[in-house]
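Remarks on the structure that follows.
Residue numbers (our numbering): 130 to 218.
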C-alpha cells in the first residue's frame, strides 16, 4: 500500500526516522513493508530509527524481535540521536 510505496521512494543513503506515532494498528503487511524498507536503506548505506509511542505497536515490534534490528524510541529527539552523528564528508 501507501506505506510500502513511501518507503520504496526513500533514498537508500538517507538518514531516516519512521514515525509510527500516528499508527493505531499494524498488521503483517505493515510489518513486512517496514522490515523491507529498513533492509533497503541499510543495504544502501543509510541509517534508520523508528519512533513508536503507542503501547500496542511497541508490544508487537518487541514480540517480533524488531527492536533487535533497529533502534526503537519514543520521542523525535531520541530518534534523531539514534541515527548518530551526521557525516559531512
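Beta carbons: idealized from backbone N, C-alpha and C, even for Gly.
The structure presented is a predicted model; accordingly, all values stated were derived computationally and were not measured.
Query raised in the report: At what residues does the beta strand (DSSP E) containing residue 160 begin and finish?
Result: For the purposes of this step, residue 160 is taken as residue 31 along the chain shown, with counting starting at 1. Unbroken run through residue 160 is the alpha helix (DSSP H), 157-172; no beta strand (DSSP E).
Query raised in the report: If you count every other CB in all the chains shown that lies within 10 Å of the CB of residue 215, and 16 or more means buried, which is it?
Result: On the chain shown, residue 215 is found 86 positions in, with the first residue counted as 1. With fewer than 16 other Cβ atoms within 10 Å, it is exposed.
Query raised in the report: Can you tell me whether DSSP reads residue 187 as helix, strand or coil?
Result: Taking the chain shown and counting its residues from 1, the one referred to as residue 187 is at position 58. In the structure shown, residue 187 sits in a helix (DSSP, three-state: H, G or I).
Query raised in the report: Quick one: what's got a C-beta closer than 8 Å to residue 141's C-beta in the same chain, skipping five residues either side?
Result: Within the chain shown, the letter at position 12 stands for residue 141. Answer for residue 141: 169, 170, 172, 173, 174, 175, listed in chain order.
Requested in this report: Inspect the beta-carbon positions of residue 202 and residue 180 and report whether they are closer than 7 Å.
Outcome: For the purposes of this step, residue 202 is taken as residue 73 along the chain shown, with counting starting at 1. For the purposes of this step, residue 180 is taken as residue 51 along the chain shown, with counting starting at 1. Yes, Cβ-Cβ distance for residue 202 and residue 180 is below 7 Å.
Query raised in the report: Shortest alpha-carbon distance to residue 133 belongs to which of 149, 193, 182, 159?
Result: Locating residue 133 in the chain shown gives position 4, where the first residue counts as 1. The option with the nearest alpha carbon to residue 133 is 159.
Requested in this report: Determine the closest residue to residue 165 out of 205, 210, 204, 195, with distance taken between C-alpha atoms.
Outcome: Taking the chain shown and counting its residues from 1, one reaches residue 165 at position 36. Among 205, 210, 204, 195, the Cα nearest to that of residue 165 belongs to 195.
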